[in-house]
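2 protein chains.
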Amino acid sequence: MNSNSGGDFPRLSFNTRTVNSWSLKECVEGCARHDIPWIGPWRDQFDDIGVEEAARLIRDAGLKVSSLCRGGFFPASTREERDAAIEDNRKAIHEAATLGTDVLVMVNGGMAGNSIQEARKMVRNGIGAILPYAEERGVKIGIEPLHPAFAADRAVTASLEEANDLAEHFNSPWVGVVIDIYHVWWDAHVRREIERAGKSILGFHVNDWLVPNTNVLVGRGMMGDGVVNNRELREWVDAEGYDGPIEVEIFNEEIWSRDGDDVLAQMKERYLSHVL
Amino acid sequence: MNSNSGGDFPRLSFNTRTVNSWSLKECVEGCARHDIPWIGPWRDQFDDIGVEEAARLIRDAGLKVSSLCRGGFFPASTREERDAAIEDNRKAIHEAATLGTDVLVMVNGGMAGNSIQEARKMVRNGIGAILPYAEERGVKIGIEPLHPAFAADRAVTASLEEANDLAEHFNSPWVGVVIDIYHVWWDAHVRREIERAGKSILGFHVNDWLVPNTNVLVGRGMMGDGVVNNRELREWVDAEGYDGPIEVEIFNEEIWSRDGDDVLAQMKERYLSHVL
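What follows is the structure in structure tokens.
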């Protein structure tokens, strides 16, 4: 087993979606090569090998898991589908615990044929249903508000204020928020809501908003290529006492077309110049 | 001069951008043919004929002008450009007054090379600079928050809460908000902010959010084709005492490719079935 201290990058985490073409094994090897101490895997990456093998791979490389992407997607048009979503979230909690991370990132899901108010109720009910198991397994539910452009089809939880409302509703140390600058940077009250989130901040993701934004889903930018002040937002988050991993999560077709090692090298450089 | 009472549609307004291929004259004639009592023109539509001629065209057809689109775009990278923007907004106020509408819709502008905080200051300063002239000419400044997807390049004013903050800052009967459901529907606190806006609501625009949304700028939907509950939002706005025109404003490439008369007919049908 290697030891990976992270060198100058003790908080840097590679969210594996940033290099979309790599398998989990390649992502783990990439982190080891680039001395990146944290990894944020996606569940579909270990469908084939199973979560125990994924955990072994990551552990053997000396990496820590910052969070697991992703639970959520609670709203559905039938009771059966909603129950299935809750069951799948229990499985995700088990996987997070097996991987040794205490944060499951929740993308709460879109309207799925419901009114937005009904869908929001389904989200509340869904989180309530899985909370006892999350607590039992020592996994925190990290509600990630998505950009309002995704309110209909990916996350009715569309602002940090709303994510904070939801976390407060549960008033539990096992429910908090994950802040991704892409989703919240535009908000005139983002600082107020970061302060309100305070100790319930469970994760922080960096990237950038490109101008023009040609594709809201897969047109996210590398830090420094867009208009977001990542450093300022990082300072506001840190000021609340958050000292956990900082994940670089970028969905970008151009970046996906590049060599993964180049992306990781640039990611470290931009993390130093635009985040730290 | 004709008289156009609007029949069953006394509040319906045709925002001319909905049929993008029509000249102002064609838009006016379309309203007359379809017995639509209100029109919401765009400034670039009378660049060629001049505002006096535009006013005459509209008046002669018996139409009323719900609002003029648009002022704003205050942030810029140089002092000269910011001064030019203020000058252009004064011109827009003159045009609104000439057309006989008391509402100038403001799309405040994007970052234009500034931090988002600086750009927001430029917006405040810009509105402050034109306010005395707006009052002198009897034209209200209707701040339209745009969808957060446009925060970088079109309107740093990206939520109804922020628009309300801005209107409250001026605390003037000459500054209010224009609510377009496309831009605000996703907000968990939209009802709270509509109530907060109260008597300062100066305009209401309807359309829809399509799923999937393939283009945030020009992929807006006809009422009923998407996921927004236009009727509920209209009821919340009306509950604050707003009884002014309801503009149909749709930027949609597919709708733009259709025959304008078909669009107006469908617009009336959908207004009845999904808004009233």
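First to last, the sequence lines map onto chains W and R.
Using my numbering, you'd call the opening residue of the first sequence number 1 and step up by one each time.
Using my numbering, you'd call the opening residue of the second sequence number 1 and step up by one each time.
Just so it is clear, CB atoms sit at the ideal spot from N, CA and C, and this is done for glycine as well.
Looking at C-alpha atoms only, which residue of the options is the closest neighbour of residue i?
i: residue 44/W; options: 32/W, 108/W, 134/W, 23/W; result: 23/W
i: residue 211/R; options: 219/R, 204/R, 205/R; result: 219/R
i: residue 136/R; options: 235/R, 90/R, 27/R; result: 90/R
i: residue 107/W; options: 92/W, 99/W, 114/W; result: 92/W
i: residue 189/W; options: 252/W, 12/W, 27/W, 162/W; result: 162/W
i: residue 63/W; options: 80/W, 32/W, 152/W; result: 32/W
i: residue 115/R; options: 56/W, 73/W, 187/W; result: 187/W
i: residue 148/R; options: 209/W, 84/W, 81/W, 113/W; result: 209/W
i: residue 138/R; options: 120/R, 125/R, 172/R; result: 172/R
i: residue 25/R; options: 53/R, 8/R, 9/R; result: 53/R
i: residue 245/R; options: 175/R, 180/R, 27/R; result: 180/R
i: residue 192/R; options: 217/R, 240/R, 10/R, 231/R; result: 240/R
i: residue 34/R; options: 61/R, 195/R, 256/R; result: 61/R
i: residue 133/W; options: 202/W, 122/W, 97/W, 158/W; result: 97/W
i: residue 222/W; options: 256/W, 238/W, 267/W, 203/W; result: 267/W
i: residue 198/W; options: 153/W, 275/W, 236/W; result: 236/W
i: residue 229/R; options: 276/R, 111/R, 164/R; result: 276/R
i: residue 278/R; options: 80/R, 126/R, 273/R; result: Lying before the first or after the last residue shown, residue 278/R is absent from chain R, which here runs from 1 to 276.
i: residue 84/R; options: 260/R, 126/R, 251/R, 201/R; result: 126/R
i: residue 252/R; options: 215/R, 269/R, 261/R; result: 215/R
i: residue 260/R; options: 159/R, 28/R, 143/R, 82/R; result: 28/R
i: residue 200/R; options: 160/R, 231/R, 213/R; result: 160/R
i: residue 117/W; options: 55/W, 81/W, 10/W, 158/W; result: 158/W
i: residue 82/R; options: 238/R, 119/R, 256/R, 143/R; result: 119/R
Do residue j and residue i have their beta-carbon atoms positioned less than 8 angstroms apart in this structure?
i: residue 16/W; j: residue 41/W; result: yes
i: residue 105/W; j: residue 70/W; result: yes
i: residue 167/R; j: residue 156/R; result: no
i: residue 141/W; j: residue 86/W; result: no
i: residue 58/R; j: residue 99/R; result: yes
i: residue 95/W; j: residue 51/W; result: yes
i: residue 206/R; j: residue 14/R; result: no
i: residue 12/W; j: residue 271/W; result: yes
i: residue 30/W; j: residue 264/W; result: yes
i: residue 169/R; j: residue 146/R; result: no
i: residue 233/R; j: residue 185/R; result: yes
i: residue 21/R; j: residue 203/R; result: no
i: residue 76/R; j: residue 227/W; result: no
i: residue 164/W; j: residue 124/W; result: no
i: residue 154/W; j: residue 110/W; result: yes
i: residue 74/W; j: residue 122/W; result: yes
i: residue 194/R; j: residue 18/R; result: no
What span of residues does the beta strand (DSSP E) with residue i cover, start to end?
i: residue 184/R; result: Where residue 184/R is concerned, there is no enclosing beta strand (DSSP E), although the alpha helix (DSSP H) it sits in stretches over 181-184.
i: residue 147/W; result: Unbroken run through residue 147/W: none, as it is neither H nor E.
i: residue 207/R; result: First-last for residue 207/R: undefined, no H or E at that position.
If you follow the alpha helix (DSSP H) that residue i is part of, which residue opens it and which one closes it?
i: residue 273/R; result: 260-274
i: residue 250/W; result: Segment: none, residue 250/W is in no alpha helix (DSSP H) and carries neither H nor E.
i: residue 11/R; result: From DSSP, residue 11/R is part of no alpha helix (DSSP H); its letter is neither H nor E.
i: residue 197/R; result: 190-197
So, is the C-beta of residue i closer than 8 angstroms to a C-beta in chain B?
i: residue 122/W; result: Protein chains W and R are contained in the structure displayed, whereas chain B is not.
_What ranges does the beta strand (DSSP E) occupy inside the region 19-83 of chain R, keeping only unbroken runs of at least 3 residues that lie completely in it?_
Taken in chain order, the complete beta strand (DSSP E) segments of 3 or more residues contained in the region 19-83 of chain R are 38-40, 68-72.
* Asked: What are the complete alpha helix (DSSP H) segments, minimum 4 residues, inside the region 211-247 of chain W?
  -> Complete alpha helix (DSSP H) runs here, min 4: 230-239.
ask   = Any residues in the region 184-217 of chain W with a beta carbon nearer than 8 angstroms to a beta carbon of chain R? Which ones, in chain order?
value = The residues in question are 185, 186, 187, 188, 189, 209, 211, 212, 213, 216.
**OP:** Give the residues from the region 222-245 of chain W that approach chain R closer than 7 angstroms (Cβ to any Cβ), ordered along the chain.
**Re:** Taking 7 angstroms as the Cβ-Cβ cut-off against chain R, the residues of the region 222-245 of chain W that qualify are 227, 229.
Whole alpha helix (DSSP H) elements within the region 99-184 of chain W, 4-residue minimum:
If we require 4 residues or more, the alpha helix (DSSP H) runs fully inside the region 99-184 of chain W come out as 116-137, 160-170, 181-184.
Task: Selection of the region 144-160 of chain W by Cβ proximity to chain R, strictly under 7 angstroms - done: Correct list: 147, 148, 149, 151, 152, 153, 158, 159.
Anything in the region 82-114 of chain W with a Cβ closer than 7 angstroms to a Cβ of chain R? List those residues in chain order, please.
When C-beta distances to chain R are compared with 7 angstroms, the residues of the region 82-114 of chain W below that value are 111, in chain order.
**Asked** Between the region 160-175 of chain R and chain W, which residues of the former have CB atoms less than 8 angstroms from a CB of the latter, in chain order?
**Response** Here the close residues are 161, 162, 165.
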